[in-house]
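So the structure is just underneath, and the comments pick up after that.
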Amino acid sequence: MPGRDDDGGAMGASGGFDPGWLRLRSAFDDPARVERLTKLFAGSLPENPRLLDLAAGTGANLRYLAPRLGRAGQRWVLADHDRVLLEAAGGEVARWRQQASALPFEWECRQVDLVRDLDALDPAAFDGIVSTALFDLVSADWAERFVHWLAQAPRPVLFTLSVDGRLAWAPEDPADDEIRGWIEAHQATDKGFGPGLGRHAPSLLAGLLAERGFDVFTAESDWNIGPADTAMHGALLEGYRNAALEIAPPDRADTIEAWTQSRLKDAAQSGLTALVGHVDIFARPR
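Dropping the structure here:
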């Protein structure tokens, strides 16, 4: 899944996402996730569930969900195209499991190109399917292809932390609207799946699932980044700067740079807060 994370994260040397960025964002992902939808997903699973995590990265979904599912004998497949991230996932999960050793589960990492080889995965082999921060990166065509694939053997799904276009900083800056526009334009570029859905992902995916006979539940799962979160502000601002510079004409570069430096100064002085809007989706076959 080449490209930049729509939340601003940079790519790593492998062409995928930097494991350091994934580690940083997990501290904001976990509080943002919607507990009610997690419980609905858990309640839809059998006692010994087989679970597939698409675009699993370093295994953050497993580490968050496994202790909350209330199911023994969980068996996880972490699927991602990026070998470097999957290798990191093995270490991250192993270290985490040392602190959660009483939890009975198995896991394996599987390198899968979701663009070319989605059909190599069989939805019937799993009892539930999850993914985090994937669907705002994909195209409408790929989302339709995915839902068609899922409909072959409908399973409960939990898709978390898709951006929905809400992005705000306090205090406000006169250039905020322009920067948001460039970020949104960048989100619509090809991240390896075709033109990205960006902020349209939650509504389009929910609609496709409903059309295929799923009951669909959605809820906002926002990042709230406070004045003390200087590392996160810095990572996001640099990511947004780079995205804007890729999209904007050269004569807007000075405005983008000035905005970035002003915001970085605010963050360094603990004078900046930000809201990054996301949506979680739980869907189950009727």
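Residue numbers for the sequence shown follow my numbering, beginning at 1043 and rising by one. Ideal Cβ positions, reconstructed from N, Cα and C, are used throughout, including at glycine. Small disclaimer: the values here were computed from a predicted structure and weren't measured.
The beta-carbon distance between Asp1071 and Ala1097, rounded to whole angstroms, is 14 angstroms. This is too long to meet the 8 angstroms contact definition. Just so you know, the alpha carbons of Ala1309 and Leu1287 end up roughly 21 angstroms apart. Taking a C-beta distance under 9 angstroms as the contact criterion, Ala1102 and Phe1147 do not qualify as a contact pair. Per DSSP, the continuous alpha helix (DSSP H) segment holding Leu1287 begins and ends at Thr1272 to Ile1289. Under the three-state reduction of DSSP, His1320 is assigned to strand. With fewer than 16 neighbouring CB atoms inside 10 Å of its own CB, Glu1299 falls in the exposed class. Boundaries of the beta strand (DSSP E) around Leu1094: Arg1092 to Leu1096. Contact check for Arg1326 against Leu1082 passes: the beta carbons are separated by less than 9 angstroms. With contacts defined by Cβ atoms closer than 9 angstroms, Ala1131 and Gly1099 form a contacting pair.
Our two residues, Gln1194 and Leu1251, have alpha carbons roughly 13 angstroms apart in a direct line. With 16 or more neighbouring CB atoms inside 10 Å of its own CB, Gln1229 falls in the buried class. Per DSSP, the beta-bridge partners of Asp1232 are Pro1237.
For Arg1152, the uninterrupted beta strand (DSSP E) run begins and ends at Phe1147 to Gln1153, by DSSP. In the DSSP assignment, Arg1117 falls within the unbroken beta strand (DSSP E) covering Gln1116 to Asp1122.
Taking each of Leu1111, Asp1155 and Val1189 in turn and checking the Cα distance to Leu1128, the smallest one comes out for Asp1155. Phe1177 sits in coil when the DSSP states are folded into three classes, being neither helix nor strand. Boundaries of the alpha helix (DSSP H) harbouring Thr1302: Ala1295 to Ala1310, taken from the DSSP string. The Cβ neighbour count for Gln1116, taken over all protein chains shown within 10 Å, is at least 16; the residue is labelled buried. Taking a 10 Å sphere around the C-beta of His1242, we find 16 or more other C-beta atoms and assign the residue as buried. In terms of CA proximity to Ser1181, Val1157 leads the group Thr1260, Glu1077, Val1157 and Leu1192.
Rounded to whole angstroms, the Cβ separation of Phe1188 and Leu1209 is 26 angstroms, and the two are not in contact under 8 angstroms. The shortest C-alpha to C-alpha distance from Leu1079 to any of Leu1094, Arg1110 and Ser1068 is the one to Arg1110. It is roughly 19 angstroms from the alpha-carbon of Trp1118 to the alpha-carbon of Val1126. DSSP lists no bridge partner for Asn1103. Pro1198 counts as buried, since at least 16 other C-beta atoms from the protein chains shown sit within 10 angstroms of its C-beta.
For a cut-off of 8 angstroms, the C-beta gap from Asp1257 to Arg1075 is around 20 angstroms, too long to register as a contact.
With 16 or more other Cβ atoms from the protein chains shown falling within 10 Å of its own Cβ, Ala1185 counts as buried.
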